[in-house]
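**Q** Below is one structure. I have some questions about it.
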Amino acid sequence: MAPYLVLFITFVVAPIGFGLWISLHAWDINLPAKPFVGLDNYRELFDPDGVDAPRFWQAMRATGIFTLLSTPLLLIVPLFTAMLMNGRFRGRNLYRAVYFAPYVLGVAVVGLLWRFLLDGNIGLVNHYLGVLGLPDDLQWTTDTPAAWWGLVLVTVWWTLGLNSVIYLAGLQDIPAELYESARVDGANAWQRFRHVTLPGLRPVALFVVNSTLLASANMFGQSYIITGGAPADETKTAIFLIAETGLRRFEMGSASAMSFILALALMAASAVVFRVFRERQEDR
Numbered sequence: 120m121a122p123y124l125v126l127f128i129t130f131v132v133a134p135i136g137f138g139l140w141i142s143l144h145a146w147d148i149n150l151p152a153k154p155f156v157g158l159d160n161y162r163e164l165f166d167p168d169g170v171d172a173p174r175f176w177q178a179m180r181a182t183g184i185f186t187l188l189s190t191p192l193l194l195i196v197p198l199f200t201a202m203l204m205n206g207r208f209r210g211r212n213l214y215r216a217v218y219f220a221p222y223v224l225g226v227a228v229v230g231l232l233w234r235f236l237l238d239g240n241i242g243l244v245n246h247y248l249g250v251l252g253l254p255d256d257l258q259w260t261t262d263t264p265a266a267w268w269g270l271v272l273v274t275v276w277w278t279l280g281l282n283s284v285i286y287l288a289g290l291q292d293i294p295a296e297l298y299e300s301a302r303v304d305g306a307n308a309w310q311r312f313r314h315v316t317l318p319g320l321r322p323v324a325l326f327v328v329n330s331t332l333l334a335s336a337n338m339f340g341q342s343y344i345i346t347g348g349a350p351a352d353e354t355k356t357a358i359f360l361i362a363e364t365g366l367r368r369f370e371m372g373s374a375s376a377m378s379f380i381l382a383l384a385l386m387a388a389s390a391v392v393f394r395v396f397r398e399r400q401e402d403r
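Residue 315 in the numbering used here sits at position 196 of the sequence shown; the count goes up by one each step and never skips.
So, in structure tokens, the structure goes:
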């Protein structure tokens, strides 16, 4: 375990400690003096009259909106995709590859591709909506709520393959005898799904729910490339603001404080997920 521990301490523990140290200073990378300010960077973010507080909590709100919209879709759609992939039919391997293929693309590729497809004037999405007789003047990159749904649908298209593969592995671990027993007892398809598939997927579902929640809350690239935070910073997420504050405005102390507040919020959300799954397990 020594090599892993060395890498873990070097690339995880040490950066976390250094980030906490930076958050306690007025840390501007362009200035030699980096005075210690204690918890002032944190107080600033909770001060309604502060400069950064309104921007930060607007970004946290945007993060919450995206997470609430995307997480249910990234849990449900991949599940049913995995159930289809688990069946036996001709071309099954091709079907699996097609659904997983977008996930291997980088966020820059996905962002630029969909930035043009969703363009309100020349994008193919509006063009084909018009062909189908639907509204073809939606401003997917500059207006809400269209911008939110554009970001969510792009993310689902891009990442559902990963969750589908994880669900598929869980489905293949459920003993076939359980389904046979359920059929013998007269259980229909819905009852087999409810009483065999879902309980059998509980350990996998815990991982998928938690990882999807954290990934959605850390969304950055899609918003940065596709909408640029428009309109009026409504789609600027917390990670977007943190990167902008630290790397464009060079206020690393404030950016580090924002990062730790976001991290604490995500830790609390993860704790709730684990608590819910544990209570359901105990109820059974």
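For every residue, glycine included, the Cβ atom is placed at its ideal position computed from N, Cα and C.
(1) Between the alpha carbons of LEU248 and LEU150, how many angstroms are there, rounded?
(2) From ARG180 to ALA388, what distance separates their C-alpha atoms?
(3) Rounded to a whole number of angstroms, what is the C-alpha to C-alpha distance between ASP256 and ALA216?
(4) With 16 as the cutoff for other CB atoms within 10 Å, does ARG321 come out buried or exposed?
(5) Take every Cβ of the segment 237–247, pair it with every Cβ of the segment 275–289, and state whether three or more of those distances are shorter than 8 Å.
(6) Using alpha carbons as the reference points, say which of ASP292, TRP259 and LEU158 lies closest to ILE344.
(7) Please report the straight-line C-alpha distance between TRP309 and GLY319, rounded to a whole angstrom.
(8) For the alpha helix (DSSP H) that contains ASN160, what are its first and last residues?
(9) Are LYS355 and ALA152 touching if we call contact CB-CB under 8 Å?
(10) Which whole runs of the alpha helix (DSSP H) in the segment 218–274 are 4 residues long or more, in chain order?
(11) Can the beta-carbon of PHE175 be found less than 8 Å from the beta-carbon of MET338?
(12) Since I believe MET377 is in contact with ALA351 (beta carbons under 8 Å), could you give me their beta-carbon distance rounded to a whole number of angstroms?
(13) Could you tell me the distance, in whole angstroms, from the CA atom of TYR214 to the CA atom of ASP292?
(14) Going by beta carbon distance, what residues of the same chain come within less than 8 Å of LEU236, once the five residues before and after it are set aside?
(15) By how many angstroms is the C-alpha of SER283 removed from the C-alpha of ASN307?
(16) Compute the Euclidean distance between the alpha carbons of ARG209 and ILE128, then round it to the nearest angstrom.
(17) To the nearest angstrom, report how far apart ARG302 and ARG311 are at their CA atoms.
(18) Return the residue from the list ALA349, TRP140, ASP159 and ARG162 that minimises the CA-CA distance to PRO264.
(19) Jot down the residue ranges of each uninterrupted alpha helix (DSSP H) in the segment 347–385, minimum 4 residues, whole runs only, in chain order.
**A** So, from the listed chains and residues:
(1) Spanning the two alpha carbons is a distance of roughly 52 Å.
(2) If you draw a straight line from the Cα of ARG180 to the Cα of ALA388, it comes to about 15 Å.
(3) Linking ASP256 to ALA216 through their CA atoms gives a straight-line distance of about 34 Å.
(4) Exposed, since its Cβ has fewer than 16 Cβ neighbours within 10 Å.
(5) Under the Cβ criterion (8 Å, minimum of three pairs), the segment 237–247 does not count as touching the segment 275–289.
(6) Distance check between ILE344 and each of ASP292, TRP259 and LEU158 places TRP259 closest, using alpha-carbon atoms only.
(7) Distance from the CA of TRP309 to the CA of GLY319, rounded to the nearest whole angstrom, comes to 15 Å.
(8) 159–165 is the extent of the alpha helix (DSSP H) around ASN160.
(9) No, the Cβ-Cβ distance between LYS355 and ALA152 is not below 8 Å.
(10) Taking only runs of at least 4 residues, the alpha helix (DSSP H) segments lying wholly in the segment 218–274 are 226–236 and 243–250.
(11) Cβ atoms of PHE175 and MET338: not closer than 8 Å.
(12) Cβ atoms of ALA351 and MET377 stay farther apart than 8 Å, at about 20 Å.
(13) Approximately 20 Å between the Cα atoms of the pair.
(14) In the same chain as LEU236, and ignoring 5 residues on each side of it, the C-beta atoms closer than 8 Å to its own belong to GLY242, LEU243 and VAL244, in chain order.
(15) Spanning the two alpha carbons is a distance of roughly 24 Å.
(16) ILE128 has its alpha-carbon roughly 48 Å from the corresponding atom of ARG209.
(17) Our two residues, ARG302 and ARG311, have alpha carbons roughly 8 Å apart in a direct line.
(18) Selected option, being the one with the closest Cα: ALA349.
(19) Those alpha helix (DSSP H) runs which fall completely within the segment 347–385 and span 4+ residues are 357–362.
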